[in-house]
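Residue 0 is where the sequence shown starts when you use numbering that gives the first Met the number 0, and the numbers rise one by one after that.
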Amino acid sequence: MLAKKVIVFFLTFVLSLLFTTNIRADDGWTEVISDPKESPFTADIRYVYARDDGKNWSFKVVSWDDWKLSRNGLGLQLYFNTSCTTKLKDSDYTILIFGEGSSYTGLLYDMFADEFYEIDCDFNANNATGTFSIAKNILKAPERSFTINSYVVYLNDLSYYTDAAPDDQSMVLFKGSDQPPETKLIVTTKTLDFGEVRWRGNESLPLLFENQGEKTIHVEITASPNIRISKKSTSLKEYEESYVDVIVNAGSLEIGTYQETVELKSDYGDEIIQVYFEVLPKPVLAIDVENINFGECYRGEVLKTKIHVYNKVKGPMRVNIKKDGDWFRLSETEFDENGKYIDVYLTTKNADFGSLKGEIRIDSDGGYERIPVEANLLSSFVLNPTSIEYGEVDFDHFENEAIQYTLQNNTDKTLKVQITNSESWIQCANTTITLREGETKDLKMLLNMSEMKEMNKRYQGSIVFESEYDVIELPVSIHLTQTPPMLKWMESDDKKPSYKASIYQGQSFEHSFKISNCGSGELDVDFSIDKSEANFRLFTRPCKLKAGECEDILVKLDSRSLEIGTYKTTLCITSNGGNLKVPIEVEILEIPVVIITLTIGSAIATINDEVIMLDEAPYIQKGTTMVPLRFVGEAFSAEIEWKNIGKGRIIMKAGENTIQLDIGKTVALINGEPKLLPVAPEIKSGRTFVPLRFIGESFGATIDWDGKVQMITITYTMPIPQE
Numbered sequence: 000m001l002a003k004k005v006i007v008f009f010l011t012f013v014l015s016l017l018f019t020t021n022i023r024a025d026d027g028w029t030e031v032i033s034d035p036k037e038s039p040f041t042a043d044i045r046y047v048y049a050r051d052d053g054k055n056w057s058f059k060v061v062s063w064d065d066w067k068l069s070r071n072g073l074g075l076q077l078y079f080n081t082s083c084t085t086k087l088k089d090s091d092y093t094i095l096i097f098g099e100g101s102s103y104t105g106l107l108y109d110m111f112a113d114e115f116y117e118i119d120c121d122f123n124a125n126n127a128t129g130t131f132s133i134a135k136n137i138l139k140a141p142e143r144s145f146t147i148n149s150y151v152v153y154l155n156d157l158s159y160y161t162d163a164a165p166d167d168q169s170m171v172l173f174k175g176s177d178q179p180p181e182t183k184l185i186v187t188t189k190t191l192d193f194g195e196v197r198w199r200g201n202e203s204l205p206l207l208f209e210n211q212g213e214k215t216i217h218v219e220i221t222a223s224p225n226i227r228i229s230k231k232s233t234s235l236k237e238y239e240e241s242y243v244d245v246i247v248n249a250g251s252l253e254i255g256t257y258q259e260t261v262e263l264k265s266d267y268g269d270e271i272i273q274v275y276f277e278v279l280p281k282p283v284l285a286i287d288v289e290n291i292n293f294g295e296c297y298r299g300e301v302l303k304t305k306i307h308v309y310n311k312v313k314g315p316m317r318v319n320i321k322k323d324g325d326w327f328r329l330s331e332t333e334f335d336e337n338g339k340y341i342d343v344y345l346t347t348k349n350a351d352f353g354s355l356k357g358e359i360r361i362d363s364d365g366g367y368e369r370i371p372v373e374a375n376l377l378s379s380f381v382l383n384p385t386s387i388e389y390g391e392v393d394f395d396h397f398e399n400e401a402i403q404y405t406l407q408n409n410t411d412k413t414l415k416v417q418i419t420n421s422e423s424w425i426q427c428a429n430t431t432i433t434l435r436e437g438e439t440k441d442l443k444m445l446l447n448m449s450e451m452k453e454m455n456k457r458y459q460g461s462i463v464f465e466s467e468y469d470v471i472e473l474p475v476s477i478h479l480t481q482t483p484p485m486l487k488w489m490e491s492d493d494k495k496p497s498y499k500a501s502i503y504q505g506q507s508f509e510h511s512f513k514i515s516n517c518g519s520g521e522l523d524v525d526f527s528i529d530k531s532e533a534n535f536r537l538f539t540r541p542c543k544l545k546a547g548e549c550e551d552i553l554v555k556l557d558s559r560s561l562e563i564g565t566y567k568t569t570l571c572i573t574s575n576g577g578n579l580k581v582p583i584e585v586e587i588l589e590i591p592v593v594i595i596t597l598t599i600g601s602a603i604a605t606i607n608d609e610v611i612m613l614d615e616a617p618y619i620q621k622g623t624t625m626v627p628l629r630f631v632g633e634a635f636s637a638e639i640e641w642k643n644i645g646k647g648r649i650i651m652k653a654g655e656n657t658i659q660l661d662i663g664k665t666v667a668l669i670n671g672e673p674k675l676l677p678v679a680p681e682i683k684s685g686r687t688f689v690p691l692r693f694i695g696e697s698f699g700a701t702i703d704w705d706g707k708v709q710m711i712t713i714t715y716t717m718p719i720p721q722e
């Protein structure tokens with residue numbers, strides 16, 4: 000949600016990016032967050048500082064390299080919690096800074112008020128330091144303190160980040176000038192475990208410590224003889240965090256296990272940290288072969304062997320492997336572990352004939368080795384493709400077409416090749432071919448389906464090619480399946496199909512249902528229908544359906560001799576691929592009669608006693624009642640079409656009747672025949688009015704007039720649809 004809001008807000012501020020306010024990074028900054036260099040991108044948080052600038056909270060964020068955010072679609076995000084808890088979920092503000100070209104914009108989001116604010120920021124893609132400020136009347140911190148943390152995030156999904164500062168994602172406290180708590184030196188861990196340190200390795204781990212209060216702490220740092228520290232003393236300002244790098248230089252140490260200490264002494268507490276590590280011995284490179292000889296081989300033949308490259312002693316070894324020769328390849332070219340098996344593949348497809356010689360060169364921090372590689376490539380021919388795989392096919396739907404493959408002579412002689420097949424279901428168009436030097440021929444094979452008696456079986460065989468030099472097989476495989484016939488109801492996916500319909504009295508019910516054979520083989524189908532309640536008739540004969548074929552089942556019912564009500568039957572379908580019983584329910588309805596009442600001068604009308612409010616009240620024009628066109632259309636369920644012809648043309652359709660009216664004209668067309676209107680249709684108060692009696696009687700309605708109350712009653716029998 001936040002990402003979408005940021006994107007929308009960003010578009011609003013594109014033009015304002017060129018006018019952001021710069022903030023001077025004066026003295027008085029408080030270091031709130033420090034973070035090691037660890038991100039794969041140059042935008043990597045190093046420090047976050049905060050400062051109380053009177054009306055504003057000011058912040059300075061320092062990168063280890065620079066703030067190239069837009070290049071990788073990144074943004075700098077900070078969370079604020081004015082309740083000063085350490086949990087990220089308690090945050091009530093967040094800030095996002097992102098770059099567009101050479102300019103940057105900062106947005107503050109009030110999570111509770113759901114509002115965005117633009118903030119002043121000064122970032123440059125090529126600088127390591129960026130600053131921004133927030134007005135205190137926007138970021139409200141009643142206790143003049145808050146906790147924060149920071150991330151470098153992906154703008155397209157703010158839940159993914161490339162750097163978190165601090166690394167544990169905790170909220171770090173920044174406090175103003177209120178009464179401070181007890182000042183105390185705090186370390187985040189009591190032990191540092193380097194694990195295994197390489198021979199002559201130089202490794203370091205940060206030891207983090209912080210000032211819990213607002214008084215300055217002076218810290219003296221000492222270490223036992225076998226380790227070093229990056230600094231021997233430091234001062235921590237209020238709530239300041241710091242660290243010292245604890246360094247193990249294995250080049251000056253004997254092989255073995257060590258337990259050392261780092262001691263921090265201050266006027267507000269002392270701490271002793273235990274440091275553990277093991278110095279590994281110098282790696283010793285070893286291999287399990289002296290040379291590799293593939294012997295005689297043929298073009299297109301793939302051979303493989305293995306070599307074991309390993310460190311004779313404990314610990315990892317950095318290994319780089321190169322080869323001299325393009326006719327073989329290696330499964331690995333480098334690794335950094337104790338040992339690994341390397342596959343060596345012979346790939347002679349494009350190699351020259353004759354003796355092949357190459358070399359594998361292994362270099363490591365435990366020494367180097369050279370392994371000679373040899374092979375003798377004899378003349379051969381090449382098949383394309385190297386296998387024919389039909390996959391899984393259905394016997395009844397399979398189109399058996401010839402498969403083409405090629406055979407190429409790669410020798411400098413005329414080559415005679417014998418072609419045989421291992422199975423009777425494989426048919427080859429040729430049994431012997433002759434290939435001139437470098438010649439390629441197209442060959443074909445076909446499946447003999449009459450020899451494949453078993454269904455649901457995987458057939459495997461090969462075409463064998465034999466020359467004076469070598470024998471090569473072309474594998475052929477097919478998984479032949481056949482499903483039994485299966486009855487399928489095509490009207491719906493329901494496991495228990497049924498059908499309901501309604502018709503008006505006097506109409507005929509007619510519906511065509513569809514079934515199919517969704518299996519294989521031949522589906523024998525028979526049909527019957529229950530006539531106990533009504534004379535339902537079935538117009539379908541027994542049939543046979545091949546795989547994929549469909550059949551329509553026509554069911555009819557004549558309602559002219561039936562009373563109003565619901566009639567039921569069951570369509571029974573029996574087959575050798577399953578049976579179906581389909582309940583059919585047809586409801587015969589009474590032809591609806593619509594009674595409409597209107598009163599002259601009143602905007603209230605009724606349709607079958609339902610009150611309808613008219614846009615305008617009916618009125619009498621030259622003895623003719625005029626009513627709104629819209630009401631007439633709805634009352635008679637008519638389709639109304641307006642055309643911009645003359646002052647306006649109206650076409651009304653209800654049942655089989657069509658009326659054409661023209662605004663201002665007294666001639667109308669009823670089903671194409673001209674009729675004279677007593678009063679022309681007109682537009683009044685933006686509404687179209689038409690003569691009621693003419694329209695109603697044209698549609699077959701009865702019009703009654705009650706002069707005492709000036710009420711019109713229209714009785715209209717709805718036309719029966721043809722279906």
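Just so you know, even glycine gets a beta-carbon here, dropped at the ideal spot from N, CA and C. These numbers were taken from a predicted model, which means no experiment stands behind them.
Reduced DSSP secondary structure (H/G/I, E/B, other) of residue i
i      : result
Phe276 : strand
Asp192 : strand
Gly255 : strand
Ser57  : strand
Leu434 : strand
Lys236 : coil
Met723 : Only positions 0 to 722 of the chain appear in this structure, which leaves residue 723 out of reach.
Met710 : strand
Gly365 : coil
Gly250 : helix
Asn319 : strand
Arg197 : coil
Lys311 : coil
Thr128 : strand
Inter-residue Cα distance where the pair is residue i and residue j
i      : j      : result
Asp557 : Pro483 : 39 Å
Ile713 : Tyr498 : 37 Å
Arg50  : Pro35  : 22 Å
Val554 : Asn578 : 18 Å
Thr347 : Ser354 : 12 Å
Asn148 : Val171 : 6 Å
Arg648 : Lys621 : 22 Å
Glu655 : Ile669 : 11 Å
Gly200 : Phe380 : 54 Å
Same chain, Cβ closer than 6 Å to residue i, neighbours up to 5 away in sequence not counted
i      : result
Ala700 : Ile713 and Tyr715
Val60  : Val47 and Gly129
Thr20  : Residue confidence is low: Thr20 scores 33 on pLDDT, short of 50, so the model does not pin down where it sits. Its coordinate-derived value is still stated next. The residues are Asp119.
Cβ-Cβ distance between residue i and residue j below 7 Å
i      : j      : result
Tyr267 : Leu184 : yes
Glu638 : Lys652 : yes
Thr215 : Glu262 : no
Leu628 : Val689 : yes
Arg197 : Leu252 : no
Ser515 : Gly460 : no
Leu434 : Tyr404 : no
Ser363 : Met316 : yes
Gly98  : Leu68  : yes
Met454 : Gln481 : yes
Asn409 : Ile418 : no
Same chain only: Cβ atoms within 8 Å of residue i, ignoring 5 sequence neighbours per side
i      : result
Glu532 : Tyr566, Lys567 and Thr568
Sequence-distant residues of the same chain with beta carbon closer than 7 Å to residue i, five excluded per side
i      : result
Lys764 : This structure cannot speak to residue 764, because the chain is shown only from 0 to 722.
Thr304 : Ile291 and Val343
Phe145 : Phe79, Asn80, Thr81, Cys83 and Phe173
Asp89  : Asn80 and Ser82
Segment limits, alpha helix (DSSP H) that includes residue i
i      : result
Ala634 : Leu628 to Ala634
Leu691 : Leu691 to Ser697
Extent of the continuous beta strand (DSSP E) run through residue i
i      : result
Cys549 : Cys549 to Asp557
Arg50  : Ile44 to Asp52
Tyr267 : No beta strand (DSSP E) holds Tyr267; DSSP gives it neither H nor E.
Ile587 : Leu579 to Leu588
His510 : Ser507 to Asn516
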